[in-house]
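S.K.: Got a structure for you, written out below as structure tokens; questions coming shortly.
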Amino acid sequence: MSPRPLDYESLNENVKKVAYAVRGELYLRASELQKEGKKIIFTNVGNPHALGQKPLTFPRQVVALCQAPFLLDDPNVGLLFPADAIARAKHYLSMTSGGLGAYSDSRGLPGIRKEVADFIERRDGYPSDPELIFLTDGASKGVMQMLNTIIRNEKDGILVPVPQYPLYSATISLYGGSLVPYYLEEEANWGLDFYNIRQSVAVARSKGITVRAMVIINPGNPTGQCLSEANIRELLKFCFQENLVLLADEVYQQNIYQDERPFISARKILFDMGPPISKEVQLVSFHTVSKGYWGECGQRGGYFEMTNLPPQTVDEIYKVASVSLSPNVPGQIFLGLMVNPPKPGDISHLKFVVESKAVLESLRRRAHIMTDGFNSCRNVVCNFTEGAMYSFPQICLPPKAIEAAKKVGKAPDVFYCLKLLEATGISTVPGSGFGQKEGVFHLRTTILPAEEEMPAIMASFKKFNDEFMEQYEDCRGYSRM
Amino acid sequence: MRRFATDERCFSSDLGHSAHLVSSSGAAASSAMGSTQSPPLTFDSINPKVLKCEYAVRGEIVSHAQRLQQELQTKPGSYPFDEILYCNIGNPQSLGQQPVTFFREVLALCDHPSILDKSEAHALFSSDAIARARQILDLIPGRATGAYSHSQGIKGLRDAIAAGIAARDGFPANADDIFLTDGASPAVHMMMQLLIRSEKDGILCPIPQYPLYSASIALHGGSLVPYYLDEAAGWGLEISVVKKQLEDARSKGIAVRAIVVINPGNPTGQVLAEGNQREIVQFCKKEGLVLLADEVYQENIYVENKKFNSFKKIARSMGYGEKDLSLVSFQSVSKGYYGECGKRGGYMEITGFSADVREQIYKLASVNLCSNISGQILASLVMNTPKVGDESYESFTAEKNGILSSLARRAKALEDAFNSLEGVTCNKAEGAMYLFPRLHLPQKAIEAANAVNAAPDAFYARRLLDATGIVVVPGSGFGQVPGTWHFRCTILPQENKIPAIIARLKAFHESFLGEFRD
């Protein structure tokens with residue numbers, strides 16, 4: 002048989018370089034086992050509804066009505082839908098020219114972008130321009146679009162935290178750029194180390210790389226740390242000095258589980274700092290309906306907001322957005338509802354608040370349960386999940402385990418995670434999928450399994466881990482508890 | 050956090066500016082960078098492929114139309130028309146087309162499943178919509194429509210789509226070959242990403258073409274290898290023409306990787322004859338090309354003597370299997386009689402690729418996690434509509450036929466109207482949603498266009514907009530034989546508006562010719 006027109010050899014090399022472990026080897030193995038009848042607990046991706054979190058009621062009512070506008074004229078509609086949901090559905094439909102089924106403006110419906118701008122202004126205390134807010138099918142599409150705009154060739158470098166959410170490394174590979182890593186300090190609660198950051202930049206530049214942008218993920222993924230105001234100021238100063246675009250992934254801004262460092266947006270600090278920084282530093286901020294207490298991953302709703310990008314550049318970004326015509330309209334409405342939720346006095350307000358609080362309070366409790374659970378295990382050390390949805394424990398693998406992994410051709414943390422999966426059904430992502438210091442191993446799990454199942458899951462993990470350590474250990478293990 | 054002090058001088062900016070990095074005080078910051086160098090992301094430092102990419106469907110003329118529309122709102126009566134009529138884009142529901150009731154009932158129920166268990170639901174929804182919603186929710190793990198699904202899309206929905214494809218074609222389809230995407234466009238981008246390694250990789254595209262293809266090829270750094278459709282032969286595809294273009298490209302060192310075929314055509318509307326399709330399939334096998342079959346208008350056919358045949362059906366009926374042809378077939382929920390553009394639903398069906406290539410395709414799909422669930426559900430409904438005996442069957446069929454027959458009437462009315470204009474010839478729209486009339490412009494008009502640095506068809510389109518409020522897209526946005534001029538106009542305005550549109554068009558055209566008569 003003659004070679005096919007598209008075979009592995011003739012694929013775009015950049016595609017081959019892409020790695021996205023979140024749905025990689027461990028996930029595929031877990032899916033296989035699930036097909037064979039094994040009970041799997043999928044903690045590989047931040048996907049709250051897949052683990053039993055219920056959708057908030059109000060947005061679903063509104064979007065259902067927008068899907069079927071003929072219901073609005075039906076005399077029986079009040080039997081199933083509260084008046085404020087009905088009013089809100091009419092409000093969003095009036096923003097469209099043809100309901101959910103028409104392509105909107107390629108940047109998203111102007112009415113919703115205005116709601117997003119209003120939300121940003123309330124949150125930060127500074128006005129926001131709807132013209133600089135672009136809605137996208139999930140924040141990921143926005144990230145990919147921005148990186149595609151920035152990266153010209155392999156000599157363009159993007160500073161990315163390590164560990165990082167591998168959308169960044171995957172996208173940089175796909176578009177042929179260079180990833181310039183900056184390591185977060187695990188012993189300092191995954192804190193920033195500007196000495197290390199500057200060194201990374203210097204090393205990159207010495208190799209002829211032009212460092213174009215810096216990614217921060219706040220709260221962090223997989224690491225969960227929340228940046229302080231001082232951190233963000235220093236980052237902005239750094240971007241100003243080094244002439245970098247700051248890409249602020251703020252998708253977990255609603256997921257905060259400690260009170261010392263509430264979420265503050267990079268944009269707010271930028272404007273607090275005043276000129277020249279507030280006028281010069283180029284910033285792109287990302288947000289989504291997939292996380293927070295909404296968890297509406299399947300809707301693919303998100304946006305990015307551009308600050309201090311020149312008009313011609315914004316036009317080019319618009320042009321590329323127009324090729325894909327428009328983001329999905331239901332997802333846009335979810336976003337509108339997220340930034341403009343029911344207010345005190347609205348019929349649905351109380352229920353909305355009760356549902357939202359329940360989710361957030363439970364997440365906070367689960368963050369503690371999981372962190373404490375990991376820290377009670379042999380050779381496992383885990384920083385507290387200050388924010389986001391993940392736990393990223395360090396697994397101190399004994400040399401014999403590392404050898405055993407090598408023997409079967411697996412990275413040590415992959416080896417550990419596969420054994421964990423086979424023994425307990427818990428499907429995690431090995432730390433190598435996110436990046437980590439050489440010789441240090443982690444895994445990422447989510448804090449999303451149902452609260453009532455958590456103790457059993459942590460017990461199951463501990464049993465596996467402690468037995469694993471006993472099997473492979475020849476050094477003394479320790480745990481933080 | 051460590052602060053550095055003495056290390057400062059080691060780190061000079063890559064712009065050759067002497068290091069003047071900030072100390073812990075803020076003072077030095079104001080004298081650093083900022084005003085003396087350009088910001089990191091400007092027009093000059095954008096990815097050049099972004100600059101090269103063009104997409105006229107929402108280009109300059111549309112921006113101008115939007116400005117006019119705003120002016121009309123603030124100053125009514127300031128123009129000789131009351132409203133802007135957007136005939137630039139295949140966006141049926143924005144011009145009054147109603148969505149299919151059954152589909153929207155099912156989607157609403159899937160968005161808010163808790164109402165399924167309420168007895169009141171039966172007062173508001175048809176029973177087969179309720180049944181279908183339940184059936185669909187059972188296919189979704191945990192009935193969680195808000196969860197990321199499998200990166201190819203929910204398995205049960207893919208099974209339904211595969212069954213729909215098999216019923217349509219008479220040949221089996223496999224759920225594992227299907228990738229559900231946010232509209233067909235992202236799937237096209239994905240294939241371009243896989244195929245294009247450098248500017249030495251070429252993709253054969255019909256001219257005129259829907260500019261997603263030229264834009265995507267530019268964005269991914271490849272080369273567009275044009276093959277001209279024959280206007281004199283109803284925009285027919287001549288395989289010898291394609292072959293010549295292929296050989297020409299190869300002689301210039303281009304590796305031609307794939308051919309795009311849009312059937313029914315956009316902007317040209319022709320439906321390929323079966324014989325033509327067989328030639329194309331044979332050609333792809335012989336020349337080692339991936340066949341990228343854009344079939345999003347498969348349900349928009351307006352002529353009795355033509356039928357839609359999927360390329361998969363044609364290939365299989367020729368005895369060509371997975372080993373013979375690498376084929377990617379694109380479908381969307383945006384077109385047909387459903388016109389659900391805003392939902393962003395669609396899929397590609399990939400056949401004839403090796404396992405390791407399929408793994409890479411899956412990997413790419415996984416980076417974005419999954420497409421929107423509501424769009425996935427809609428794609429499964431489109432490929433699996435109400436059957437005889439279902440409660441909604443009759444009303445569904447009435448809605449569907451109503452829309453399709455209206456589209457056919459509008460296609461004919463506008464085709465006749467264009468052909469009645471002096472110096473305008475217009476091929477029939479056998480399918481899709483567009484007419485692509487040719488303008489035989491007087492020399493004076495061409496000179497006037499040149500004088501303002503505009504392509505003649507863009508000049509005409511702009512004048513048309515300013516005089517009538519009708520927005521069309523100049524032919525240069527789609528490609529055309531050099532020296533010929535066209536524009537693309539959709540057939541989508543509501544039927545009762547068509548006579549007024551035709552009247553305005555005629556009046557404008559006469560006045561335009563009057564002004565520029567040689």
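Quick mapping for you: the protein sequence lines, in order, are chains A and B. Note that our numbering numbers the first sequence so that position 24 is 25, with each residue one more than the last. Note that our numbering numbers the second sequence so that position 365 is 414, with each residue one more than the last. Ideal Cβ placement from N, Cα and C applies to all residues, glycine included. What you are looking at is a predicted structure, and each value in this text was computed from that prediction instead of being measured.
Which residues share a DSSP beta bridge with residue 23 of chain A?
M.R.: Paired residues: none, contrary to the question.
S.K.: Once the 5 residues before and after residue 550 of chain B are set aside, which same chain residues still bring their CB inside 7 Å of it?
M.R.: So the qualifying residues of the chain are 134, 519, 542.
S.K.: Using a Cβ-Cβ cut-off of 6 Å (strictly less than) and excluding sequence neighbours within five positions of residue 433 of chain B, which residues of its own chain qualify?
M.R.: Excluding sequence neighbours, residue 433 of chain B sits near 209, 213.
S.K.: Can you tell me the Cβ-Cβ gap for residue 540 of chain B and residue 487 of chain B, rounded? I've got them flagged as a contact below 8 Å.
M.R.: That pair is no contact at about 17 Å.
S.K.: Interface residues of chain A around residue 161 of chain B at Cβ under 7 Å?
M.R.: Those within 7 Å of residue 161 of chain B in chain A are 61, 62, 65.
S.K.: Per the DSSP calculation, residue 447 of chain A is bridged to which residue(s)?
M.R.: The partner list for residue 447 of chain A (beta bridge, DSSP) reads A:391.
S.K.: Whose C-alpha, out of B:187, B:223, B:228, B:194, is nearest the C-alpha of residue 200 of chain B?
M.R.: The candidate whose alpha carbon is nearest that of residue 200 of chain B is B:228.
S.K.: With burial defined as no fewer than 16 other Cβ atoms inside 10 Å of the residue's Cβ, what is the status of residue 280 of chain A: buried or exposed?
M.R.: Exposed.
S.K.: Quick one, which of A:295, A:446, A:52 has its alpha-carbon nearest residue 190 of chain B's?
M.R.: Nearest of A:295, A:446, A:52 to residue 190 of chain B, Cα basis: A:52.
S.K.: State the CB to CB distance for the pair residue 313 of chain B and residue 526 of chain B, rounded to an integer number of angstroms; the pair is presumed to be in contact (CB under 8 Å).
M.R.: No, residue 313 of chain B and residue 526 of chain B are not in contact; Cβ-Cβ is about 19 Å, not under 8 Å.
S.K.: What is the rounded straight-line gap between the Cα of residue 333 of chain B and the Cα of residue 408 of chain B?
M.R.: Rounded to whole angstroms, residue 333 of chain B to residue 408 of chain B spans 23 Å at the Cα level.
S.K.: Smallest Cα separation from residue 164 of chain A: which of A:39, A:435, A:417?
M.R.: Out of A:39, A:435, A:417, A:435 has the C-alpha closest to the C-alpha of residue 164 of chain A.
S.K.: Is it buried or exposed, residue 323 of chain A, if we count other Cβ atoms within 10 angstroms and call 16 or more buried?
M.R.: Answer is buried; the Cβ neighbour count reaches 16.
S.K.: Which residue comes first and which comes last in the alpha helix (DSSP H) that contains residue 418 of chain A?
M.R.: From DSSP, the alpha helix (DSSP H) with residue 418 of chain A extends over 413-425.
S.K.: Assuming contact is defined by CB atoms lying nearer than 7 Å, are residue 433 of chain A and residue 412 of chain A in contact in what I supplied?
M.R.: Cβ distance < 7 Å, so residue 433 of chain A and residue 412 of chain A count as in contact.
S.K.: From residue 178 of chain A to residue 242 of chain B, what distance separates their C-alpha atoms?
M.R.: Computed Cα separation, rounded: 15 Å.
S.K.: Does residue 264 of chain B get closer than 7 Å to chain A when you measure Cβ to Cβ?
M.R.: By this cut-off, residue 264 of chain B is an interface position.
S.K.: Under the assumption that residue 523 of chain B contacts residue 510 of chain B (Cβ atoms under 8 Å), give the Cβ distance between them as a whole number of angstroms.
M.R.: Yes, residue 523 of chain B and residue 510 of chain B are in contact; Cβ-Cβ is about 5 Å, under 8 Å.
S.K.: State the beta-bridge partners of residue 288 of chain A as determined by DSSP.
M.R.: Note: residue 288 of chain A sits in a beta bridge opposite A:304.
S.K.: Locate the beta strand (DSSP E) running through residue 435 of chain B, then write down its first and last residues.
M.R.: Counting along the chain, residue 435 of chain B falls outside any beta strand (DSSP E), and DSSP gives it neither H nor E.
S.K.: Please identify the residue among A:371, A:319, A:392, A:331 whose C-alpha is closest to the C-alpha of residue 108 of chain A.
M.R.: The option with the nearest alpha carbon to residue 108 of chain A is A:319.
S.K.: Note the first and the last residue of the continuous beta strand (DSSP E) segment covering residue 395 of chain B.
M.R.: Counting along the chain, the beta strand (DSSP E) containing residue 395 of chain B begins and ends at 395-400.
S.K.: Just list the residues that DSSP pairs residue 186 of chain A with in beta bridges.
M.R.: Looking at the DSSP assignment, residue 186 of chain A forms a beta bridge with A:192.
S.K.: From A:160, A:126, A:216, pick the residue whose C-alpha is nearest to that of residue 252 of chain A; which is it?
M.R.: Minimum Cα distance to residue 252 of chain A is reached at A:216.
S.K.: How far does the beta strand (DSSP E) with residue 229 of chain B in it extend, from its first residue to its last?
M.R.: Residues 227-230.
S.K.: Kindly indicate which three-state DSSP category residue 372 of chain A falls into: helix, strand or coil?
M.R.: The answer is helix: DSSP assigns residue 372 of chain A an H, G or I state.
S.K.: In the DSSP assignment, find the alpha helix (DSSP H) that holds residue 143 of chain B and state where it starts and stops.
M.R.: Neither: residue 143 of chain B is in no alpha helix (DSSP H) and is coded neither H nor E.
S.K.: Per DSSP, what are the beta-bridge partners of residue 324 of chain B in this structure?
M.R.: According to DSSP, which records beta bridges pairwise, residue 324 of chain B is partnered with nothing at all.
S.K.: Mind pulling the alpha helix (DSSP H) runs of 4 or more residues that sit fully within the segment 170-214 of chain B?
M.R.: Counting only runs of 4 or more, we get 170-173, 176-188.
S.K.: Verify whether the separation of the beta carbon atoms of residue 101 of chain A and residue 330 of chain A is less than 7 Å.
M.R.: Yes; because the gap between Cβ atoms is below 7 Å, this pair is in contact.
S.K.: Out of A:452, A:440, A:392, A:462, point me to the one whose CA is closest to residue 420 of chain A's CA.
M.R.: The residue with the shortest Cα to Cα distance from residue 420 of chain A is A:462.
S.K.: What residue ranges within the segment 352-402 of chain B form continuous alpha helix (DSSP H) runs of no fewer than 4 residues, ordered along the chain?
M.R.: As far as the segment 352-402 of chain B is concerned, its whole alpha helix (DSSP H) runs of at least 4 residues are 360-366.
S.K.: Using a Cβ-Cβ cut-off of less than 7 Å, list which residues of the segment 426-453 of chain A approach chain D; keep chain order.
M.R.: No chain D is part of this structure, whose protein chains are labelled A and B.
S.K.: Of the residues that make up the segment 336-360 of chain B, which ones have a beta carbon closer than 8 Å to any beta carbon in chain A?
M.R.: Answer in chain order: 337, 338, 339.
S.K.: Taking the CB atoms as reference points, tell me whether residue 353 of chain B and residue 385 of chain B lie closer together than 7 Å.
M.R.: Contact flag unset, no.
S.K.: Let's test the definition: count the other Cβ atoms within 10 Å of the Cβ of residue 344 of chain A and tell me whether it reaches 16, buried, or not, exposed.
M.R.: The residue is exposed, with fewer than 16 neighbouring Cβ atoms inside 10 Å.
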